[in-house]
Each structure stands twice: as structure tokens, then as C-alpha cells.
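**Q** Note that the protein sequences, when read in sequence, are chains A and B.
If you count the first sequence from 1, position 73 lands on 834 in the working numbering, and the numbers rise without skipping.
If you count the second sequence from 1, position 243 lands on 1004 in the working numbering, and the numbers rise without skipping.
Backbone N, C-alpha and C define an ideal beta-carbon position, used for all residues, glycine too.
Remember, predicted model here, so these are calculated numbers, not experimental data.
Number of protein chains: 2
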Amino acid sequence: MTRHYNFCAGPAALPTAVLERAQREMLDYQGRGLSVMEMSHRSSEYVAIAEQAEADLRELLAVPDNYRVLFTQGGATQQFAAVPYNLLGHGGQANFLETGIWGKKAIKEAQHLFGRAHIAASSASNGHVEAPRDSDIALSDDAAYLHVTPNETIGGLALDYLPSARRADGVEVPLVADLSSTILSGPLDVSRYGVIYAGAQKNIGPAGLVLVIVRDDLLDRAVDSMPSLFSYRALAEAGSMINTPATYSWYLAGLVFDWLKRDIGGVDVMAEINARKAGKLYAAIDASDFYSNPIAKRNRSQMNVPFVLADSALEGDFLREAEAAGLLNLKGHRSVGGMRASLYNAVPEAAVDALVAFMSDFETRRG
Amino acid sequence: MTRHYNFCAGPAALPTAVLERAQREMLDYQGRGLSVMEMSHRSSEYVAIAEQAEADLRELLAVPDNYRVLFTQGGATQQFAAVPYNLLGHGGQANFLETGIWGKKAIKEAQHLFGRAHIAASSASNGHVEAPRDSDIALSDDAAYLHVTPNETIGGLALDYLPSARRADGVEVPLVADLSSTILSGPLDVSRYGVIYAGAQKNIGPAGLVLVIVRDDLLDRAVDSMPSLFSYRALAEAGSMINTPATYSWYLAGLVFDWLKRDIGGVDVMAEINARKAGKLYAAIDASDFYSNPIAKRNRSQMNVPFVLADSALEGDFLREAEAAGLLNLKGHRSVGGMRASLYNAVPEAAVDALVAFMSDFETRRG
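(1) Between which two residues does the beta strand (DSSP E) harbouring B/His908 extend?
(2) Can you grab the Cα-Cα spacing for the pair B/Asp789 / B/Ser801, in whole Å?
(3) Please report the straight-line C-alpha distance between A/Leu874 and B/Ser989, rounded to a whole angstrom.
(4) The beta strand (DSSP E) spanning B/Asp939 covers which residue range?
(5) So, under 8 Å CB-CB, B/Arg1037 and B/Glu1110 are touching, yes? Tell me the CB distance rounded to an integer number of Å.
(6) Listed in chain order, which residues of the segment 787-801 of chain A have Cβ atoms closer than 8 Å to some Cβ of chain B?
(7) Determine the DSSP secondary structure at A/Asn847, reduced to helix, strand or coil.
(8) Taking A/Thr1125 as part of the alpha helix (DSSP H), name the residues at either end of that continuous run.
(9) Kindly indicate if chain A contains any beta-carbon less than 9 Å away from that of B/Gln839.
(10) Please list, in chain order, the chain A residues whose beta carbon lies closer than 9 Å to that of B/Thr777.
(11) Using the Cα positions of B/Val1113 and B/Ser1062, report the straight-line distance between them to the nearest angstrom.
(12) Pop quiz: A/Ala1115 and A/Tyr766 are said to be a contact at Cβ under 8 Å. What is the actual Cβ separation, rounded to whole angstroms?
(13) Kindly say whether B/Tyr993, judged by its beta-carbon, lies nearer than 9 Å to any beta-carbon of chain A.
(14) Does DSSP put A/Leu980 in a helix, in a strand, or in coil?
(15) Hey, B/Thr914 and B/Asn1035: beta-carbon distance below 9 Å or not?
(16) Note down, in chain order, each residue of its chain lying with its Cβ closer than 8 Å to the Cβ of A/Glu710, except the 5 sequence neighbours on either side.
(17) Could you spell out the range, first to last residue, of the alpha helix (DSSP H) harbouring B/Glu859?
(18) Which of helix, strand or coil does DSSP assign to A/Ala961?
(19) May I ask you to report which of helix, strand or coil DSSP gives A/Glu806?
(20) Quick check: is the beta carbon of B/Leu772 nearer than 9 Å to any beta carbon in chain A?
(21) Can you list, in chain order, the residues of its chain with a C-beta nearer than 7 Å to that of A/Gly835? Leave out the 5 residues immediately preceding and following it.
(22) Could you tell me the alpha carbon to alpha carbon distance between A/Tyr1105 and A/Glu1076, rounded to whole angstroms?
(23) Give a yes or no on whether 9 Å exceeds the smallest Cβ distance from A/Thr1008 to chain B.
(24) By how many angstroms is the C-alpha of A/Gly1027 removed from the C-alpha of B/Leu818?
(25) State the DSSP-derived secondary structure class of B/Asn1065, mapped to helix, strand or coil.
(26) Find the nearest neighbour of A/Leu940 within the set A/Val1108, A/Asp930, A/Ala867, judged by alpha-carbon distance.
(27) For a contact defined as C-beta to C-beta under 8 Å, what are the partners of A/Ile1003 on chain B?
(28) In the DSSP assignment, what are the bridge partners of A/Met1100?
(29) Which residues mark the beginning and the end of the beta strand (DSSP E) in which B/Ile880 is found?
(30) To be precise: take each residue of the segment 920-949 of chain B, compare its Cβ to all Cβ atoms of chain A, and keep it if any distance is under 8 Å. Which residues remain?
(31) Considering only residues of the segment 771-829 of chain A, which uninterrupted beta strand (DSSP E) runs meet the minimum length of 3 residues and lie entirely inside it, listed in chain order?
(32) Tell me which residue opens and which closes the alpha helix (DSSP H) that B/Phe768 is part of.
(33) Counting only the same chain and skipping the five closest in sequence on each side, list residues whose C-beta sits under 7 Å from that of A/Arg928.
(34) Taking C-beta pairs closer than 7 Å, name the residues in chain B that A/Met762 reaches, listed in chain order.
(35) Determine whether the Cβ of A/His908 lies closer than 9 Å to any Cβ atom of chain B.
(36) Relative to the alpha-carbon of A/Gln784, which residue among A/Ala892, A/Gly1000, A/Ala1032, A/Leu1016 has its alpha-carbon at the smallest distance?
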């Protein structure tokens, strides 16, 4: 059995300790005579697993009591639809801060379903290499909420602030954030948000599962007609079990939360480790004329680090040799090319050390 | 490690051989140095896994070339919404054959989203113990399709025919079937259907994944506005990868298809085994005044066998003693009570033998 270093942007690396535990429990969960994936979601054994996962998540992120935690399906993409369905029932318009490809997809879905969407600020004019400032954000007078993507997984652009989300009339609207690629990478002040959602396949668990954290008072803003499974209120009232949830993925998420709590020591420790990892990689890029990262320094992502070679003709060789050295999935997103190293929680510091050493060696040989 | 006999209605038992293989491959898939759940869904390794799963399913069910196979999310419940969104774009009304709780839920969702739904026939008047005949089905003049639930998982009622789905004007409308609890339990004439869908957590794999098989010519009947992920056309064009699919569940489904093909020998052999299993249990029930099944004999389900004791006060003891004997999850659905044994593909014949022996012993001691 070999475990390579996996820099995939998602589905991403999972902690080896989590996979080992899942492996041990695969055929017989704690002497119950069956796998977790064979358990009724209504059984006391499974409900205990699900509730422990939620409790651990709440503890890790210090989620306030007036927020509901939902475990649902369909990826962040499904939330691009679920958010406007759940928040536009009292009228008004979805507003967006656009800083990359994922935010653009969220805008497109709101436009598709509701006929319009207001882009309150965008970094499109600079190719999404530097984010607008808070003062650049101009909400529409009828803004019902402001949607942000604090970390753009493809572009590698991260916001260095949280928008104030205030309309011209002084009303502060709920802030909605797609935290797919940063959730649990460090501490989070949940109380600043109205809705947080995150696809699981980066820092939480396997693809398919989506986490939603929603403030209680927003549960009554839904439009009348939407697929029942999209309703935050219905999900909250059913404990995310309107129908059979993705039980095994939820269990694996629980194992990841447990690992983060007990093995790592929580999100503060994780944040230090993540800062060190990203710091080492950016330092290596900055110290060289051979590698470069296009993002303004204040907006550099700690989770997704895109970079290119001065000589793009060498990229194919770089990727092939990296893979041969056990450094997997460094190819940039098909829409942008180049390279990208995703440094999620489960990517160990040793992986970054190995990558930096490989980059240095490659430059020496080929630069 | 102990494996008990698991009669859960869903999430249900999986083949031990499948879980063993998943266990072996958990940390390192075939020497690639990572788990399947850590693979990019766009990687050649993962695409090969996904394509093989589809190819095996197509072979198992002899799916004609003019049908598309989709791997999506949200359970059958999400399809209760997706079907009318995808089939009512040319106008007309959803029609339903109602034979139990799941069909009723599908009706409710279509009514919720489209304001109306026509119940073409129902067994509600007899408490869903005997299905309407084909000649009882009266489609509305504007019927766009007929939705059926050929096997009602909770009630244990199975249709003994496939409706002709012909309107008074002679037009045959597409037949849409929720096959969650029977798919792959035996051969299927896919060409009789317009759309087939099935939640995975009974005969396919882990909860969360949903399989949709849709006839090509129905891909142009969608309404204009629905969540992008619900579009059969978009899913078909993207190879079910509009966004990151539930990659690990899809892989596990592939392992189940492989098991069914190679270990069992296909759906014809599976059908014989399933007929024997159900036959033994119904024979035990019928041979006794102590146990009874409420369903008309022509409508008895081979997958879900509900039964009650003549003295309902003994049910608690029955369930406790069964569990102690390693016979798990025999409790009936919370909405109907009593007992239910689900005899899906992964429940071995030995499990039914053990259940029948336990029932006989319990009756001798307590009857």
C-alpha cells in the first residue's frame, strides 16, 4: 500500500487516519454486524453517528445556537439554486460579489431561475487576479442578500475581508458564502453570515455531501414553489432527513471532524499549519523567476495555489515528472491551464516540502 | 468481524464481497497511491471507473442504445420533482397510478410544483393491499406521462403488470417508473419505459446516488426554469458530470454491478434466487395462523415482505429476539408498524432460511 501526495482541488485528499478507520469499520461497525452504509438512517446507531458529526462540527466552528446545520446533497452547484429559492420569497434581488468562475456560476443559476441577478462588484476586468475592495461593492436598492465566494478554487483568489453588505438605505442584508474550499481550514466567525454552504469534497469528506449552516431567522424567506428537498426549513425540521440522506458520506464527514478535533487539535492549530504550508509554497514561487503566481498578494489563497512556468512548454514535463515523483494532480483547471496545488487540511506539510523540493530540483535541471 | 443478516428496507445490505473489495481498495486504488474518493472526477482513472459502471449496468439490464443512463443525487425524492420538470415542458399533466406511500409522495411533489396532478387509479380505498387493474387506469385527456411505483417498499405491494398508459384519444404516453426497490432484482424490458429512476440504497449501492434511465426522445420536453442539476438533457450531455458527482457512491455501484455480473451471473440468475427467497418466506407465513401478510397474492412483493403477528403484543419480543439472533432491521416502517423483511439482492438465501427458522421457533415457543 502506497499513499502518494495528492494536491487535487476536489475530490481532494482525505486524512490517511480517516481512511484507515473507515477501512477498519467497513464490514462491521463497532461490532454491530453491518457496515455504516447498510444502516437504516432512522436507526439509533446511525442517528448517533449523525448527531455526533453535527456536534463536532458545531464545536469546531463554534456555531452559535441560532444557526441550523444541514447535511444535504448535490454539491455547491445545487446550492446555487437553493439559496435564491430560500431567500427571495420576500421579493428583492440576489446580489453577487464576482471574483471568479464559481461565483459566476452562482450568478448564472440565479439569473436562470429568477430572470435577474445584480453583480454588486466584480474583478472580471482584471481577470480575477485582484478582488474589489469593500467600498467598491454597490448593492442594488432591492438587494435581498449578498453572495460571495471567499475563496475561488480555480483562480486561487481569496477575499482579504468580509463585505459589510449594506445597502444605500442602510439596511444590512444577509451575507451568503460559498465556503467549499476553505471551511474548517481555520476559525470562522459564523455570526457574520446568514448562510454558509460548502461542498464536502475538499475539507469535509467525499463528493456529494453538502453542508449548509443557516441562521434561524432566514428560514421563513423561501419562495412558495421549489423542490421540497431544497427547503432549508424542511431540512432543518427533519434533521436533514426529509428522505434518506447520504448516510455514508455523512459518517465520513464525522470521521474528518473527529480527526480535526482530536488528531490536529482544532481549527486554530489547523490554521497555523495551513499558513505554514501556503507560506512555504508561495515563498518558493516568489524566490524564483522560473515560477509565478498571478494573484495580488493580498488576495492569495492559502488553499489553492495556481502557478505557471516562465516557459510554458515545460509544463507537460513538469506534470509528468511530478506524478512520477508521487506528487499527484498538480494540473490546473481545464479552463485556465498551468499548475495548481491545493493545500487542503488533509494535505500534510511534508507534501508541501516534497513539492517545493521537486520544484527546486526541476528548476535546477530545466530552468 | 461479524456480519449479521440485515433485512433493512434501505439503506440496505450490500454484498459482503463488495464491501471487502472496497475495504481493500480504500487507501490505495490499484496502486495509484490514493483512494477512489480522493480522485478528481475528471481524471482518466476515475472516468474509467465511471464508464465501466455504466457499461456493466447497460449489459445487466440490456439497456437499448436510445436510452441515456444518468448517475445523479438526492434520492428518488429528488426525482419526484425532476420528472415533472423534465416532462411537462410541452404542457399536459402528470398522471399517477397510486399504490402506496411512495407514489403518494410523488403525487404531492408534482402538485406542489405544478398545481395539479391526476390520479389515474388508486388502491387507497382498499388500504393499498390490492392494486388496480390496467383497465381501471383512466388517464386524463391531457396526460403527459403516467408515473407508477411498481414496488411499494413500505406497503410491500407490487404491480403484476405494466400499464398500457394509453389515453382515451389513443395516444400512448411515456411510462415513468420509480424502481428504487426492484431494479436489478431481475430482468427488465427497459424499452417499455420512458423514464426509470431508482435510489441506490437498496439494490445498487450507498444512499445518495440515484440512477436515471431516460429515453433519448424525452430529453426535449423540459420546462424552461428548473435547477440546472435537474435537467436530464444537461446531465446526459455532461456524462452526469455537470458538477462533481458522488464519485465514491458511483464507484461502489460499479462494484455491485460487477458482483451481480460475475459472482451471481446476471439478473436472470438473481431473479431465480430472489423468487426462491420470497417463496420460502411467504410459504412460512401462509403455513401459519401466527403470521400474516395483508397483500393480495397477485400483488405480493418479492423484495419487501411485511407481516404481522396474530397477537401484536408479541411484536416487541419478536423484534428483540430476532436481533439477538443476528436478524437485523425487521421492524416495519414507522408509518405502518408490524414487521417487514426486505429481501434485496444482497440478502443471501441463508438469511431467509435463518429468518424462517427463527419464526418457526418463535411461534413454537410463544404461539
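**A** On the basis of the supplied data:
(1) 904-909
(2) 14 Å
(3) If you draw a straight line from the Cα of A/Leu874 to the Cα of B/Ser989, it is about 9 Å long.
(4) Going by DSSP, B/Asp939 is part of the beta strand (DSSP E) stretching over 936-939.
(5) 6 Å
(6) Met787, Leu788, Asp789, Gly792, Arg793, Gly794, Leu795, Ser796, Met798, Glu799, Met800, Ser801
(7) A/Asn847: helix per DSSP, three-state reduction.
(8) 1110-1127
(9) Under the 9 Å criterion on CB atoms, B/Gln839 is classed as interfacial with respect to chain A.
(10) Leu788
(11) 15 Å
(12) 6 Å
(13) Chain A contact via Cβ: absent.
(14) Looking at A/Leu980 - three-state DSSP - the assignment turns out to be coil, as it is neither helix nor strand.
(15) no
(16) This structure cannot settle anything about residue 710 of chain A, because the visible part of chain A is limited to 762 through 1128.
(17) Careful: B/Glu859 lies outside any alpha helix (DSSP H), inside the beta strand (DSSP E) at 854-859.
(18) coil
(19) Three-state DSSP puts A/Glu806 in a helix.
(20) The sequence shown places Pro at residue 772 of chain B, rather than the Leu named in the question. True, the Cβ-Cβ gap to chain A drops below 9 Å.
(21) Val971
(22) A straight line joining the alpha-carbon of A/Tyr1105 with that of A/Glu1076 spans about 23 Å.
(23) yes
(24) 43 Å
(25) strand
(26) A/Ala867
(27) Thr838
(28) A/Phe1068, A/Lys1092
(29) 879-883
(30) Per Cβ criterion, the list is empty.
(31) Within the segment 771-829 of chain A, no run of beta strand (DSSP E) reaches 3 residues while sitting entirely inside it.
(32) First-last for B/Phe768: undefined, no H or E at that position.
(33) Leu900, Asp902, Ala904, Val934
(34) Leu788, Asp789
(35) By this cut-off, A/His908 is not an interface position.
(36) A/Leu1016
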